[in-house]
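Below is one structure, written out as C-alpha coordinates; comments come after it.
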(Lines of atoms letter the chains of each structure in order from A; the text may use other names.)
(Lines give C-alpha, C1' and ligand atoms only; values in the text may rest on other atoms or scores of the structure.)
Protein backbone atom coordinates (compact mmCIF):
# COMPACT_ATOMS: atom_id res chain seq x y z
CA UNK A 469 0.00 0.00 0.00
CA UNK A 470 2.72 2.42 0.96
CA UNK A 471 4.68 1.63 -2.21
CA UNK A 472 1.61 2.08 -4.46
CA UNK A 473 0.79 5.33 -2.71
CA UNK A 474 4.36 6.52 -3.20
CA UNK A 475 4.14 5.73 -6.93
CA UNK A 476 0.87 7.64 -7.25
CA UNK A 477 2.37 10.60 -5.46
CA UNK A 478 5.38 10.46 -7.77
CA UNK A 479 3.09 10.73 -10.79
CA UNK A 480 3.79 7.20 -12.10
CA UNK A 481 1.44 4.33 -12.95
CA UNK A 482 1.86 1.47 -10.44
CA UNK A 483 3.52 -1.62 -11.91
CA UNK A 484 4.80 0.11 -15.05
CA UNK A 485 7.07 2.96 -14.02
CA UNK A 486 5.38 5.03 -16.75
CA UNK A 487 4.62 8.62 -15.84
CA UNK A 488 0.99 9.71 -16.17
CA UNK A 489 2.01 12.64 -18.36
CA UNK A 490 3.62 10.20 -20.82
CA UNK A 491 0.42 8.19 -21.37
CA UNK A 492 -0.86 10.27 -24.34
CA UNK A 493 2.52 10.00 -26.05
CA UNK A 494 2.60 6.25 -25.40
CA UNK A 495 -0.93 5.80 -26.78
CA UNK A 496 -0.13 7.77 -29.94
CA UNK A 497 3.03 5.73 -30.40
CA UNK A 498 1.13 2.45 -29.98
CA UNK A 499 -1.46 3.63 -32.52
CA UNK A 500 1.20 4.19 -35.16
CA UNK A 501 2.90 0.89 -34.30
CA UNK A 502 -0.37 -0.96 -34.85
CA UNK A 503 -1.05 1.05 -37.99
CA UNK A 504 2.33 -0.04 -39.40
CA UNK A 505 2.18 -3.62 -38.16
CA UNK A 506 -1.35 -4.46 -39.34
CA UNK A 507 -0.55 -4.76 -43.08
CA UNK A 508 2.63 -6.69 -42.30
CA UNK A 509 0.77 -9.16 -40.06
CA UNK A 510 -1.97 -9.56 -42.69
CA UNK A 511 0.68 -10.21 -45.36
CA UNK A 512 2.36 -12.97 -43.33
CA UNK A 513 -1.00 -14.47 -42.38
CA UNK A 514 -2.21 -14.48 -45.99
CA UNK A 515 0.97 -16.22 -47.14
CA UNK A 516 -0.05 -19.27 -45.08
CA UNK A 517 -3.68 -19.35 -46.29
CA UNK A 518 -5.10 -21.51 -49.07
CA UNK A 519 -6.50 -19.48 -52.00
CA UNK A 520 -10.09 -20.01 -50.86
CA UNK A 521 -9.46 -18.07 -47.63
CA UNK A 522 -7.56 -15.11 -49.07
CA UNK A 523 -10.37 -12.73 -50.04
CA UNK A 524 -13.13 -13.11 -47.47
CA UNK A 525 -15.80 -10.70 -46.32
CA UNK A 526 -14.19 -10.34 -42.88
CA UNK A 527 -10.47 -9.89 -42.29
CA UNK A 528 -9.00 -13.05 -40.81
CA UNK A 529 -5.76 -12.34 -38.98
CA UNK A 530 -5.13 -16.01 -38.20
CA UNK A 531 -5.58 -18.62 -40.96
CA UNK A 532 -8.28 -21.19 -40.34
CA UNK A 533 -6.21 -23.67 -42.30
CA UNK A 534 -2.41 -23.37 -42.42
CA UNK A 535 -0.54 -24.37 -45.57
CA UNK A 536 2.97 -24.12 -46.99
CA UNK A 537 1.75 -24.63 -50.55
CA UNK A 538 2.26 -20.97 -51.44
CA UNK A 539 5.91 -21.03 -50.35
CA UNK A 540 6.51 -24.34 -52.12
CA UNK A 541 5.09 -22.91 -55.33
CA UNK A 542 7.23 -19.78 -55.04
CA UNK A 543 10.43 -21.74 -54.47
CA UNK A 544 9.84 -24.49 -57.03
CA UNK A 545 8.04 -22.87 -59.96
CA UNK A 546 9.98 -19.60 -60.15
CA UNK A 547 13.76 -18.86 -60.22
CA UNK A 548 13.58 -17.16 -56.84
CA UNK A 549 17.05 -18.38 -55.90
CA UNK A 550 18.60 -16.67 -58.91
CA UNK A 551 16.64 -13.47 -58.27
CA UNK A 552 17.67 -13.49 -54.60
CA UNK A 553 21.33 -14.01 -55.55
CA UNK A 554 21.18 -11.05 -57.94
CA UNK A 555 19.60 -8.89 -55.24
CA UNK A 556 22.21 -9.97 -52.70
CA UNK A 557 25.12 -9.22 -55.05
CA UNK A 558 23.71 -5.81 -55.97
CA UNK A 559 22.73 -4.85 -52.41
CA UNK A 560 26.02 -6.01 -50.87
CA UNK A 561 28.25 -4.34 -53.46
CA UNK A 562 26.22 -1.12 -53.47
CA UNK A 563 26.16 -0.99 -49.67
CA UNK A 564 29.91 -1.57 -49.31
CA UNK A 565 30.83 1.16 -51.79
CA UNK A 566 28.12 3.56 -50.66
CA UNK A 567 29.06 3.32 -46.98
CA UNK A 568 32.78 3.70 -47.74
CA UNK A 569 32.31 6.72 -50.00
CA UNK A 570 29.74 8.20 -47.61
CA UNK A 571 32.15 7.88 -44.70
CA UNK A 572 34.97 9.49 -46.67
CA UNK A 573 32.76 12.36 -47.84
CA UNK A 574 31.28 12.84 -44.37
CA UNK A 575 34.75 12.93 -42.81
CA UNK A 576 35.96 15.48 -45.36
CA UNK A 577 32.93 17.72 -44.83
CA UNK A 578 33.26 17.53 -41.04
CA UNK A 579 37.01 17.62 -40.38
CA UNK A 580 38.73 19.19 -43.38
CA UNK A 581 38.63 22.90 -44.15
CA UNK A 582 38.47 23.99 -47.76
CA UNK A 583 36.75 26.83 -49.66
CA UNK A 584 33.05 26.19 -50.22
CA UNK A 585 32.81 23.33 -47.74
CA UNK A 586 29.53 24.49 -46.21
CA UNK A 587 28.11 25.25 -49.66
CA UNK A 588 28.94 21.73 -50.82
CA UNK A 589 27.15 20.33 -47.79
CA UNK A 590 24.09 22.49 -48.46
CA UNK A 591 24.02 21.26 -52.06
CA UNK A 592 24.20 17.68 -50.77
CA UNK A 593 21.29 18.26 -48.40
CA UNK A 594 19.31 20.14 -51.05
CA UNK A 595 19.66 17.24 -53.46
CA UNK A 596 17.62 15.11 -51.05
CA UNK A 597 14.56 17.16 -52.03
CA UNK A 598 14.91 16.09 -55.68
CA UNK A 599 12.99 12.86 -56.44
CA UNK A 600 15.28 10.12 -57.78
CA UNK A 601 12.86 9.58 -60.66
CA UNK A 602 13.98 12.90 -62.15
CA UNK A 603 17.31 11.43 -63.21
CA UNK A 604 16.03 8.08 -64.43
CA UNK A 605 15.75 8.99 -68.13
CA UNK A 606 19.25 10.48 -68.62
CA UNK A 607 20.74 7.69 -66.51
CA UNK A 608 18.93 5.08 -68.60
CA UNK A 609 20.24 6.64 -71.83
CA UNK A 610 23.78 6.72 -70.42
CA UNK A 611 23.63 3.03 -69.48
CA UNK A 612 22.42 2.11 -72.97
CA UNK A 613 25.19 4.12 -74.62
CA UNK A 614 27.78 2.40 -72.43
CA UNK A 615 26.33 -0.99 -73.34
CA UNK A 616 25.63 -1.79 -69.70
CA UNK A 617 21.97 -2.80 -69.98
CA UNK A 618 21.19 -5.99 -68.05
CA UNK A 619 24.54 -5.95 -66.22
CA UNK A 620 25.57 -5.78 -62.57
CA UNK A 621 27.44 -2.52 -63.06
CA UNK A 622 24.25 -0.87 -64.33
CA UNK A 623 22.49 -1.95 -61.14
CA UNK A 624 25.32 -1.11 -58.74
CA UNK A 625 27.13 2.04 -59.87
CA UNK A 626 24.11 4.43 -59.99
CA UNK A 627 23.33 3.60 -56.36
CA UNK A 628 26.75 4.08 -54.74
CA UNK A 629 26.11 7.76 -53.97
CA UNK A 630 23.71 8.21 -51.06
CA UNK A 631 23.33 11.63 -49.44
CA UNK A 632 21.80 10.22 -46.26
CA UNK A 633 24.90 8.16 -45.49
CA UNK A 634 27.07 11.24 -46.04
CA UNK A 635 24.89 13.20 -43.62
CA UNK A 636 25.02 10.48 -40.94
CA UNK A 637 28.81 10.27 -41.05
CA UNK A 638 29.28 14.02 -41.25
CA UNK A 639 27.20 14.58 -38.13
CA UNK A 640 29.14 11.91 -36.25
CA UNK A 641 32.57 13.19 -37.27
CA UNK A 642 31.67 16.71 -36.13
CA UNK A 643 32.08 15.45 -32.55
CA UNK A 644 35.24 13.45 -33.29
CA UNK A 645 37.99 14.40 -30.78
CA UNK A 646 40.61 16.67 -32.30
CA UNK A 647 43.23 15.22 -29.93
CA UNK A 648 43.12 11.86 -31.72
CA UNK A 649 43.84 13.52 -35.05
CA UNK A 650 46.67 15.59 -33.56
CA UNK A 651 48.25 12.48 -32.05
CA UNK A 652 48.05 10.66 -35.38
CA UNK A 653 49.63 13.62 -37.18
CA UNK A 654 52.49 13.63 -34.67
CA UNK A 655 53.02 9.93 -35.47
CA UNK A 656 53.31 10.81 -39.15
CA UNK A 657 49.86 9.73 -40.35
CA UNK A 658 48.34 11.49 -43.34
CA UNK A 659 44.70 12.21 -44.09
CA UNK A 660 43.99 8.68 -45.35
CA UNK A 661 45.89 7.14 -42.45
CA UNK A 662 43.88 9.13 -39.92
CA UNK A 663 40.64 8.21 -41.62
CA UNK A 664 41.21 4.47 -42.07
CA UNK A 665 43.21 3.79 -38.89
CA UNK A 666 41.60 6.20 -36.41
CA UNK A 667 38.27 7.69 -37.52
CA UNK A 668 36.59 4.80 -39.35
CA UNK A 669 37.19 2.13 -36.65
CA UNK A 670 35.59 4.44 -34.07
CA UNK A 671 32.53 5.14 -36.24
CA UNK A 672 30.84 1.81 -35.54
CA UNK A 673 27.37 3.15 -34.76
CA UNK A 674 26.99 5.40 -37.85
CA UNK A 675 28.63 2.67 -39.92
CA UNK A 676 25.97 0.17 -38.89
CA UNK A 677 23.16 2.71 -39.23
CA UNK A 678 24.22 3.62 -42.77
CA UNK A 679 24.67 -0.06 -43.66
CA UNK A 680 21.15 -0.97 -42.55
CA UNK A 681 19.58 1.97 -44.40
CA UNK A 682 21.53 1.57 -47.64
CA UNK A 683 21.20 -2.23 -47.73
CA UNK A 684 17.44 -2.00 -47.23
CA UNK A 685 17.07 0.63 -49.95
CA UNK A 686 19.08 -1.41 -52.45
CA UNK A 687 17.50 -4.74 -51.52
CA UNK A 688 14.03 -3.30 -52.07
CA UNK A 689 14.93 -1.22 -55.14
CA UNK A 690 12.32 -1.80 -57.84
CA UNK A 691 12.08 1.03 -60.37
CA UNK A 692 15.67 1.15 -61.63
CA UNK A 693 16.14 -2.64 -62.03
CA UNK A 694 12.76 -2.79 -63.74
CA UNK A 695 13.91 -0.28 -66.36
CA UNK A 696 17.48 -1.40 -67.01
CA UNK A 697 17.17 -5.21 -66.85
CA UNK A 698 15.91 -7.04 -69.94
CA UNK A 699 17.42 -10.46 -69.22
CA UNK A 700 15.31 -12.86 -67.15
CA UNK A 701 18.41 -14.22 -65.38
CA UNK A 702 19.47 -10.73 -64.26
CA UNK A 703 16.21 -9.81 -62.55
CA UNK A 704 16.35 -8.86 -58.90
CA UNK A 705 13.92 -10.24 -56.36
CA UNK A 706 11.51 -7.25 -56.26
CA UNK A 707 11.28 -7.19 -60.07
CA UNK A 708 10.77 -10.93 -60.22
CA UNK A 709 8.05 -10.80 -57.59
CA UNK A 710 6.11 -8.38 -59.79
CA UNK A 711 5.32 -11.44 -61.93
CA UNK A 712 3.22 -12.77 -59.06
CA UNK A 713 0.67 -9.96 -59.43
CA UNK A 714 -2.78 -11.53 -59.67
CA UNK A 715 -4.80 -11.25 -62.84
CA UNK A 716 -7.89 -9.38 -61.72
CA UNK A 717 -11.15 -10.98 -62.75
CA UNK A 718 -9.74 -14.42 -63.49
CA UNK A 719 -9.70 -17.73 -61.66
CA UNK A 720 -6.08 -17.14 -60.58
CA UNK A 721 -6.84 -13.94 -58.67
CA UNK A 722 -6.97 -15.43 -55.15
CA UNK A 723 -4.11 -17.82 -55.85
CA UNK A 724 -2.06 -14.90 -57.13
CA UNK A 725 -2.65 -13.00 -53.90
CA UNK A 726 -1.63 -15.94 -51.72
CA UNK A 727 1.51 -16.76 -53.71
CA UNK A 728 2.38 -13.07 -53.99
CA UNK A 729 2.15 -12.59 -50.22
CA UNK A 730 4.45 -15.58 -49.72
CA UNK A 731 6.97 -14.09 -52.14
CA UNK A 732 6.85 -10.65 -50.48
CA UNK A 733 7.26 -12.25 -47.05
CA UNK A 734 10.45 -13.93 -48.27
CA UNK A 735 11.60 -10.58 -49.66
CA UNK A 736 11.17 -8.89 -46.26
CA UNK A 737 13.12 -11.48 -44.26
CA UNK A 738 16.71 -10.24 -44.93
CA UNK A 739 16.10 -6.54 -44.24
CA UNK A 740 13.92 -7.19 -41.17
CA UNK A 741 16.46 -9.67 -39.78
CA UNK A 742 19.30 -7.23 -40.36
CA UNK A 743 17.45 -4.47 -38.53
CA UNK A 744 16.50 -6.69 -35.57
CA UNK A 745 20.09 -7.87 -35.15
CA UNK A 746 21.59 -4.38 -35.37
CA UNK A 747 18.78 -2.17 -34.04
CA UNK A 748 20.71 -1.08 -30.93
CA UNK A 749 23.64 0.21 -32.99
CA UNK A 750 21.23 1.56 -35.62
CA UNK A 751 19.45 3.75 -33.06
CA UNK A 752 22.78 4.89 -31.60
CA UNK A 753 24.02 5.88 -35.05
CA UNK A 754 20.87 7.84 -35.87
CA UNK A 755 20.78 9.66 -32.52
CA UNK A 756 24.50 10.45 -32.73
CA UNK A 757 23.84 12.10 -36.07
CA UNK A 758 21.25 14.37 -34.50
CA UNK A 759 23.43 15.79 -31.72
CA UNK A 760 25.56 18.07 -33.87
CA UNK A 761 24.50 20.62 -36.43
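Residue numbers (this note's numbering): 469 to 761. Note that the Cβ used here is the ideal one computed from N, Cα and C, for glycine as well. Keep in mind it's a predicted model, so treat the numbers as computed, not measured.
Check: The stretch 685-696 touching the stretch 515-531, judged by at least three CB pairs closer than 8 Å; Outcome: no
Check: Cutoff 8 Å; reference residue 695; Cβ partners in own chain excluding five residues on either side; Outcome: 604, 608
Check: The stretch 562-573 / the stretch 619-631 touching (three or more Cβ pairs under 8 Å); Outcome: yes
Check: Beta-carbon gap between residue 518 and residue 535 smaller than 7 Å; Outcome: yes
Check: Local Cβ density within 10 Å of residue 740, reported as buried at 16 or more and exposed below that; Outcome: exposed
Check: Residue closest to residue 579, alpha-carbon to alpha-carbon, out of 591, 549, 650, 560; Outcome: 650
Check: Beta-carbon gap between residue 624 and residue 558 smaller than 7 Å; Outcome: yes
Check: Whether residue 751 touches residue 731 by CB criterion (7 Å); Outcome: no
Check: Endpoints, the alpha helix (DSSP H) within which residue 541 is located; Outcome: 537-545
Check: Distance CB(residue 522)-CB(residue 725) smaller than 7 Å; Outcome: yes
Check: For residue 640, the nearest candidate out of 666, 612, 575, 707 (CA to CA); Outcome: 575
Check: Whether residue 727 touches residue 554 by CB criterion (7 Å); Outcome: no
Check: Spatial distance of residue 582 from residue 588 (CA atoms); Outcome: 10 Å
Check: Residue 677, buried or exposed, once every other Cβ within 10 Å from all chains shown has been counted against 16; Outcome: buried
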